[in-house]
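All remarks here apply to the structure that follows.
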Amino acid sequence: MEFAELIKTPRVDGVVLHRPFMPTVEGTLCLTGHHLILSSRQDNTEELWLLHSNIDFIEKRFVGSVGSIIVKCKDLRVIQLDIPGMEECLNIASSIEALSTLDSVSLMYPFFYRPMFEVIEDGWNSYLPQDAFKELESMTDEWRLSKVNKDFTVCPSYPPLVAVPKNIDDDTLKKVAAFRHGGRFPVLSYYHKKNGMVMMRAGQPLTGTNGRRCKEDEKLINATLRPGKRGYIIDTRTINVAQQAKARGGGFESEGNYPQWRRIHKAIDRYNVLQESLIKLVEACNDQSHSMDRWLSKLEASSWQTHIKEILTTACLAAQCIDREGASVLVHGTEGTDSTLQVSSLAQIILDPGCRTIKGFQGLVEREWLQAGHPFQQRCAQSAYSNSKPRQEAPAFLLFLDCVWQVLRQFPCSFEFNESFLVLLFEHAYASQFGTFLGSCAADRSV
Amino acid sequence: MEFSDHIKTANVEDVVLRQPLHPPSRGTLCITGHHLLFSEREEGSSQQVLLLLRNIDAIEKRMSGSSGTITIKCKDLRVLQLDIPGMEQCLNISRSIETLSCLDNVSEMYPFFYRPTDLSLQDQWGLSTPEIHYTQMKELHERWRLSSVNKSYSVCPSYPPAVIVPNCIDDETLKKVAKFRQGGRFPVLCYYHRKNGMVIMRSSQPLTGANRKRCKEDELLLQAVIEDSDKGFIIDTRSSQQVQQARMTGGGFESKSFYNCWKRLHRQMERGKVLQESLIKLVEACSDESHNVDRWLSKLENSKWLSHVQTALSTAGLLAECVERDGHSALVHGYEGTDCSLLICTLAQLIMDPFCRTLEGFLALLEREWVQAGHPFQQRCAHSAYSHARFQQESPVFLLLLDCVWQLWRQFPLALGFSEALLLRLANEVYASDYGTFLCNNDQERCALGVKDRTHCLFQALLRPAERDYYSNPLYEPTELAIWPSVHPQSLQLWRGFFLRWTQLTHHLEAVQEEIRSMVIEWARVAQR
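Keeping their order, the protein sequence lines are chains A and B.
Mapping the first sequence onto UniProt numbering, position 334 (from 1) lands on 334, and the numbers just tick up by one.
Mapping the second sequence onto UniProt numbering, position 57 (from 1) lands on 57, and the numbers just tick up by one.
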């Protein structure tokens, strides 16, 4: 097994572990293919089992003949291991570095994990699109479940089953997919029981500089409008960015071609801007200088709260359009895999009490993030402590969880779950013994 | 009564009131000697708003056509607007409000007129006295005595008539010490730590002056405090630079040569104008409607209010560490010994003493350490953040205390026997009250005006059965342990309940808190069966 090749020293005795909230403990350090384990002989101390995939970054420090490895985790924990013997320390450090940067998904721990608890429910099949659709069917007959994407050929990042307006056939869908970024044609995200209005989400339309149009795309989204009523398109880019997108083949829905839709631009930052923001925020939180001024300055400079506000504001806007204005809404940004999902899922938290139950929230995450193809593998490859060059990392899901927490704080009696649940989801998104957050879309996970 | 002289127009019909968290309403406005009363005249509602004129910090008038709008900014941070038909009426009303809301004469203030039917002036005023307190603290009697040297307030005008001092120090000695301390505030005992017999003393600065005067009696007194111990700590709430400068104006510090068993620790705390400015900036930040996160954080930082909270808690923590962890007695003072000294002594007692964390214990603590100890409430709370008046001695030290206590409550939700509602109530009462507790600047002034006979006591009122439930913490679990607050800036938060009180969010959260309270109380009842 390749793992053994990466482990230079599998075991060291007399290692001292420092970790938050617990007293310092001495014990034996073991490295396995997936875990870093520290076990002490003392009775009432908890063993440390740390997934290598949870490690963001390690630092080495030497004082005399004792080497210290400082492990900074993706769940923001910082632990320190004092290892006697410089050679052992260097070996452990390089083993950890190798094991924590494995690329292949199938080498990840979830494929090896055998749970010690009783599995009560088959979570893999608890939130299938078919079941969600059954519920929709009971409320309205305006929608159908399409299998056009069953081999993931029409849209690689969508699930095999999607809900589309009844009168739109599969051939139409294929044409629309060719007109949308990444093949992400508009699909149903949420049906508002109260007034029958819907929220759809998509990737940007590929109008390009020539002002391409796609009649099928127009037909699809117009199918969700009531006669005489307008819809809203919420574009999570500024109007300038949307204009500039044309030069690279993208664009937006023009008033000429989509006269019944009113476009609102509500910019939400993404990608490395968010990752930078997270890094600065975590650095501010770890600041030990005890200076109030410095803390507030750094907090402000991180802009994290500004992002929260942007997302919440946009989600509120979407929710208002649906609930107060009684209009249907289409949400998209560029790719439709980040800010779009933040808005669509948060709007449902606002509008739908069902999403505030534990099962409902799990279903929401399953539908609007996992099945909807948010690229977890790329976004959560590294967290705030990592020193490597960021590629596609961005804490979009963490921001979503933070926004949910903000709502939870303002309405403490309206949620069936508490903050710990949100923290748990955050941890597992970055490193988990479970396979839920592996891969980047349904296609990845079906392999 | 002279009040009517200031009221040209006592009633106006058809006034529109705009207040936070309510839709605008139409009704009748009345001005009395002490209150503004608005009675809604809409169909099917009989809402009344009664505002103590004393609660008004600033008013602004705007005339448009034949009517005027008066904007009232209150000391409890509410902002109200009254649209009054008729320019003359509007001008009269605003003039009456302006005059009546800043009457100087204490005996004309409302507590002297407040006569609720369920309270009697014969009821006990105050929770305790220094005499009763001393009698109850039997552990003190061996080495400490109650001195009545100040019974006619001639030795120290701002102290109560009885204070606790070491047994071996007689009254004559105390008189000499009083001459050596600013305002006559000689070192007195404020807290006895049962666990190890160590004490906290507080005083004002020694008047050493530029010539390094000394006072053998002062040194004797302090020596008596640390008789059984090897040393004591002096927590000086000024920086080393400030204390050197203090000497130039007659003040000073306890030098090592004369007080060689006392180790001096300096922790600079802001007071007076600086705190008032800080409050004004914070309140301004809270009313900023720009909806911009950066601007909010900038303004919050610039106000420095949270820095003051941090310093206060941190210094109190230091004081408590000296006493509880290091096992030494401590003396606390700044300049006058009436502001920061009282602040950190109070907080240290909350940290160390479980009894101070009960509802009764906390009120008794406030009574001892602020009311009886001579914190100049009348001066400090004459105006709050909205006032345009020329500030003299205003400073939100007591409000800062309440904020620090709130931080403790947030960090230790089970450890305090009282609720946030109590802190909010006190924050209002100290600026404008029906009760006489926070009137005047010290015991002497209260005696001179007969406050104890002619007004009602707030603390007693808060402990009545109907009220005390509301001010109790249903999650309270008494513990003998000390509670050490985290003073990392990341752990301290804006006291939204007070500073953002009149926003929809806080209002909603108050309702939620109430709901949670009821649930917890109900569960406790069910669990008992």
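Ideal Cβ positions, reconstructed from N, Cα and C, are used throughout, including at glycine.
Pairing LEU207(B) with PHE180(B) gives a Cβ-Cβ distance under 8 Å. The Cβ of SER344(A) sits no closer than 8 Å to any Cβ of chain B. Contact of PRO489(B) with chain A is assigned, a C-beta pair being separated by under 8 Å. Shown in chain order are the members of the segment 283-300 of chain A whose Cβ falls below 7 Å from a Cβ of chain B: CYS285, HIS290, SER291, MET292, ASP293, TRP295, LEU296, SER297, LEU299, GLU300. For SER307(B), the neighbours in chain A by C-beta distance under 7 Å run, in chain order, MET292, ASP293.
One thing to note: ILE168(A) has its Cβ within 8 Å of the Cβ of LYS219(A). Scanning its chain for C-beta atoms nearer than 6 Å, with the 5 sequence neighbours on each side dropped, one finds around ASN11(B) the residues CYS30, in chain order. Going by beta carbons, PRO375(A) and SER446(A) fall outside the 8 Å limit.
Rounded to the nearest whole angstrom, the C-alpha separation of GLN392(B) and ALA347(A) is 52 Å. In the structure shown, the three-state DSSP call for GLY361(B) is helix. Between the alpha carbons of LEU462(B) and LYS73(B) lies a gap of roughly 26 Å.
Counting C-beta pairs with one atom in each stretch, the segment 11-29 of chain A and the segment 45-56 of chain A have three or more that are closer than 8 Å, which means they touch. Among the bridge pairs identified by DSSP, LYS72(A) is matched with PHE57(A), VAL78(A). A contact is defined here as three or more CB-CB pairs under 8 Å, and the segment 231-249 of chain B meets this definition with respect to the segment 203-223 of chain B. Excluding the 5 residues flanking it on each side, ARG264(B) has same chain C-beta neighbours closer than 7 Å at ILE234, ASP236, PHE253, GLU254, in chain order.
With fewer than 16 other Cβ atoms from the protein chains shown falling within 10 Å of its own Cβ, SER45(B) counts as exposed. Residues of the segment 406-419 of chain A that bring their beta carbon within less than 7 Å of a beta carbon in chain B comprise GLN410, PRO412, CYS413, in sequence order. For the segment 352-380 of chain A, the set of residues with a beta-carbon nearer than 8 Å to any beta-carbon of chain B is empty.
The beta strand (DSSP E) runs of length 3 or more contained entirely in the segment 148-178 of chain B are, from start to end of the chain, 163-166. In this chain, the beta strand (DSSP E) harbouring GLU13(B) covers 11-18. If you check the CB distance, GLY373(A) and ALA315(A) do not come in under 8 Å. Listed in chain order, the positions of the segment 21-43 of chain A with a beta carbon within less than 9 Å of a beta carbon of chain B would be empty, since no residue qualifies. Between ALA132(A) and SER303(B), the alpha-carbon positions lie close to 51 Å from each other. Of all residues in the segment 298-332 of chain A, only LEU299, GLU300, GLN305, THR306, LYS309 place a beta-carbon less than 7 Å from a beta-carbon of chain B. The beta carbon of ARG496(B) is closer than 7 Å to those of THR506 in its chain, skipping five residues each way along the sequence.
Spatial neighbours of GLY326(A) in its own chain (CB-CB distance under 8 Å, excluding positions within 5 residues in sequence) are listed in chain order as ASN195, MET197, LYS229. Counting the other Cβ atoms within 10 Å of the Cβ of THR117(B) gives fewer than 16, which makes it exposed. Between the alpha carbons of PRO160(A) and CYS73(A) lies a gap of roughly 35 Å. Under DSSP, VAL332(B) forms a beta bridge with ARG202(B), ILE235(B). In this structure, DSSP gives ASP323(A) a helical state, which the three-state scheme calls helix.
HIS307(A) is positioned such that its CB atom lies no closer than 8 Å to that of LEU425(A). Approximately 7 Å separates the beta-carbon atoms of LEU121(B) and ASP453(B); this is inside 8 Å, confirming the contact. Taking 8 Å as the CB threshold, GLU284(B) stays off the interface with chain A. For PRO165(A), the enclosing beta strand (DSSP E) covers residues 162-165.
In this structure, DSSP gives CYS190(B) an extended state, which the three-state scheme calls strand. Of all alpha-carbon atoms in GLN130(A), THR209(A), PRO353(A), the one lying nearest the alpha-carbon of PHE417(A) is that of PRO353(A).
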